[in-house]
């Protein structure tokens, strides 16, 4: 299949890219790949093996499952106990909460169902008018417009037995926090392509213009990621900090205004708790008052539960690039994809899951 | 299982109503929502995420990407350190 981002006439040239990086990369470069899909693609394609020794890649808080706070998982589990049908993306099912997971609750006879789209919840609510159906909404700005569109559709169809438990999160506030973190001293951001499809360039411009950190929006094919990493090295070499995009086909500078309009019609910003980071002002999305009838928190009088993650789990430090998974004592011993302790090991996009699959126990790249 | 960041290109085949279309990707034909894009038409290539088209893909490629790889090739051929 043709690459999503590179022109047909240009061939992917890993050897040339490696040589270029050897020539241009500064001795020390620390780049955060924000998106979990980037993390996995970087491992799968062997891009790490092309990087010079000083080019360090750290994973960021870009896996929606991983950043969902423990308290939010526990809130979802408590909702299941009310007898409602809870629908959620499949990635969420094995994330452990204080009293089990959606998967284990289903094993106990409670009604949790996998959704591949927010619309699945709406259709289920129509099929089962005698049941309360709740959609557990996680994800960033890529996913939130779909939830919003579903709510608008539910209002049009006058569906009364459907609500949304919104744990959607906004990317820019988390990046602002990480960009300001002196301990991390990041020298570049590889920005998530599909969040940028919605948001466009503007919300990320502050990284370069205010924080002085180069940033590149990239797609998920290895050639696009490599292009982004080279661009960041070039910017360092030139001593400049700009926001670039190497995902030209899909990401327009203005993003997708229609999707944002729908998202803004339904949601408003609120403070949100991120696993491993804590509370970040304006980083979450709550339903606006006019959509209160579809707000599961209001409908079921849910109170935010304090998160009590496993004491040994270091997902938080991993999500903020402070340590890599092999530095966590639970990694590969007590925490595996079959029996995950934390969400970073559960999700297909989680950093721990990616390291488990691709990183040799000897410390090398598989 | 859905990978939450993933979006897959589909080609719109048939417009069903204001907010729905059928679309194909390889051998897969499915119904997608078109609420989030303007004026979907048969033949449009769209990025689909969690059942919703989130963007049309334009046939033009990135000039910026061309320029970057031109520079990469130049640097790969030169000892610039």
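Protein chains in written order, with this note's numbering: chain A, 1 to 366; chain B, 1001 to 1081.
We treat Cβ as the ideally placed atom computed from N, Cα and C, and that holds for glycine.
Tell me which residues of the stretch 1025-1036 of chain B have at least one Cβ-Cβ distance to chain A shorter than 8 Å, keeping chain order. For the stretch 1025-1036 of chain B, residues whose beta-carbon sits nearer than 8 Å to a beta-carbon of chain A comprise 1033, 1035, 1036.
Bridge partners for residue 62 of chain A per DSSP, in chain order? Looking at the DSSP assignment, residue 62 of chain A forms a beta bridge with A:35.
Nearest CA to the CA of residue 312 of chain A: which residue from A:299, A:302, A:340? The candidate whose alpha carbon is nearest that of residue 312 of chain A is A:340.
Under 7 Å: does the beta carbon of residue 37 of chain A sit that close to some heavy atom of the ligand ZN? Ligands in the displayed structure: none, and consequently the ligand ZN is not present.
DSSP three-state assignment for residue 161 of chain A, whether helix, strand or coil: Correct three-state label for residue 161 of chain A: coil.
For the beta strand (DSSP E) that contains residue 270 of chain A, what are its first and last residues? Segment 267-274, the beta strand (DSSP E) holding residue 270 of chain A.
9 Å Cβ cut-off: residues of chain B touching residue 197 of chain A: Going along chain B in sequence order, the residues near residue 197 of chain A (Cβ under 9 Å) are 1007, 1047, 1049, 1054, 1055.
Determine whether the Cβ of residue 105 of chain A lies closer than 8 Å to any Cβ atom of chain B. It does not; no Cβ of chain B falls within 8 Å.
Proximal residues, the stretch 163-178 of chain A versus chain B, C-beta separation under 8 Å: Of all residues in the stretch 163-178 of chain A, none places a beta-carbon less than 8 Å from a beta-carbon of chain B.
Host alpha helix (DSSP H) of residue 294 of chain A (start-end): That residue, residue 294 of chain A, is in no alpha helix (DSSP H); it is neither H nor E in DSSP.
Here's a check: name, in chain order, each residue in its chain whose Cβ is nearer than 7 Å to the Cβ of residue 179 of chain A, leaving out the five neighbours to either side. Within its own chain, the residues whose Cβ lies closer than 7 Å to the Cβ of residue 179 of chain A, once the five positions on either side in sequence are excluded, are 186, 207, 211, 213, listed in chain order.
Under a three-way DSSP split, which group does residue 209 of chain A fall into? Three-state DSSP puts residue 209 of chain A in a helix.
Taking just the CA atoms, how far does residue 224 of chain A sit from residue 151 of chain A? For residue 151 of chain A and residue 224 of chain A, the distance between alpha carbons rounds to 34 Å.
Where does residue 241 of chain A sit, in a helix, a strand or coil, going by DSSP? DSSP places residue 241 of chain A in coil when its eight states are reduced to three.
Under 7 Å, CB to CB, which of the residues in the stretch 254-286 of chain A have a partner in chain B? Per Cβ criterion, the list reads 256, 258, 259, 262.
Where does residue 82 of chain A fall in DSSP's three states? In the structure shown, residue 82 of chain A sits in coil (DSSP, three-state: anything other than H, G, I, E or B).
Sub-8 Å separation of residue 85 of chain A and residue 128 of chain A beta-carbons: Yes. Within cutoff.
Determine whether the Cβ of residue 1018 of chain B lies closer than 8 Å to any Cβ atom of chain A. No, no contact with chain A.
Checking contacts by CB at 8 Å: is residue 1038 of chain B closer than that to chain A? The C-beta of residue 1038 of chain B comes closer than 8 Å to at least one C-beta of chain A.
Taking the alpha-carbon of residue 230 of chain A as reference, which of A:32, A:80, A:25 has the nearest alpha-carbon? Out of A:32, A:80, A:25, the CA that lies nearest to the CA of residue 230 of chain A is found in A:25.
Whole beta strand (DSSP E) runs in the stretch 78-155 of chain A with 3 or more residues, listed along the chain? Within the stretch 78-155 of chain A, the runs of beta strand (DSSP E) that reach at least 3 residues and sit entirely inside it are, in chain order, 85-89, 112-115, 133-137.
Coarse secondary structure for residue 306 of chain A, derived from DSSP in three states: If DSSP states are grouped into helix, strand and coil, residue 306 of chain A belongs with coil.
I'd like the span of the alpha helix (DSSP H) that includes residue 1013 of chain B, first residue to last. Following the DSSP letters along the chain, one finds residue 1013 of chain B in no alpha helix (DSSP H) but inside the beta strand (DSSP E) bounded by residues 1008-1017.
Here's a check: name, in chain order, each residue in its chain whose Cβ is nearer than 8 Å to the Cβ of residue 21 of chain A, leaving out the five neighbours to either side. So the qualifying residues of the chain are 50, 51, 52, 55, 229, 230, 233.
Note down, in chain order, all residues in the stretch 105-124 of chain A with a beta-carbon under 9 Å from any beta-carbon belonging to chain B. Taking 9 Å as the Cβ-Cβ cut-off against chain B, the residues of the stretch 105-124 of chain A that qualify are 114, 115, 116, 117, 118, 119, 120.
According to DSSP, is residue 53 of chain A part of a helix, a strand, or is it coil? In the three-state reduction of the DSSP assignment, residue 53 of chain A falls in the coil class.
Would you call the stretch 1007-1020 of chain B and the stretch 329-343 of chain A touching, i.e. three or more CB-CB distances under 8 Å? Short answer: they don't touch.
Separation of residue 66 of chain A from residue 140 of chain A, as counted between CA atoms: In this structure, the straight-line span from the alpha carbon of residue 140 of chain A to that of residue 66 of chain A is close to 12 Å.
Classify residue 263 of chain A as buried or exposed, calling it buried when 16 or more other Cβ atoms lie within 10 Å of its own Cβ. Residue 263 of chain A comes out buried.
Check the Cβ of residue 250 of chain A against every Cβ in chain B and list those closer than 7 Å, keeping chain order. Within 7 Å of the CB of residue 250 of chain A, the CB atoms of chain B belong to 1047, 1055, 1057, in sequence order along the chain.
Taking the C-alpha atoms as reference points, what is the distance between residue 1094 of chain B and residue 281 of chain A? The structure shown has nothing for residue 1094 of chain B, since chain B only spans 1001 to 1081.
In the DSSP assignment, what are the bridge partners of residue 260 of chain A? As DSSP reads the structure, residue 260 of chain A sits in no beta bridge.
For residue 1052 of chain B, the three-state DSSP class (helix, strand or coil): Residue 1052 of chain B: strand per DSSP, three-state reduction.
I need the straight-line Cα distance from residue 289 of chain A to residue 301 of chain A, nearest angstrom please. When rounded, the distance between both Cα atoms is 15 Å.
Indicate whether at least one CB of chain B lies closer than 8 Å to the CB of residue 52 of chain A. Not one chain B Cβ lies under 8 Å of residue 52 of chain A.
Terminal residues of the continuous alpha helix (DSSP H) containing residue 1027 of chain B? Premise fails: residue 1027 of chain B is in no alpha helix (DSSP H) and is neither H nor E.
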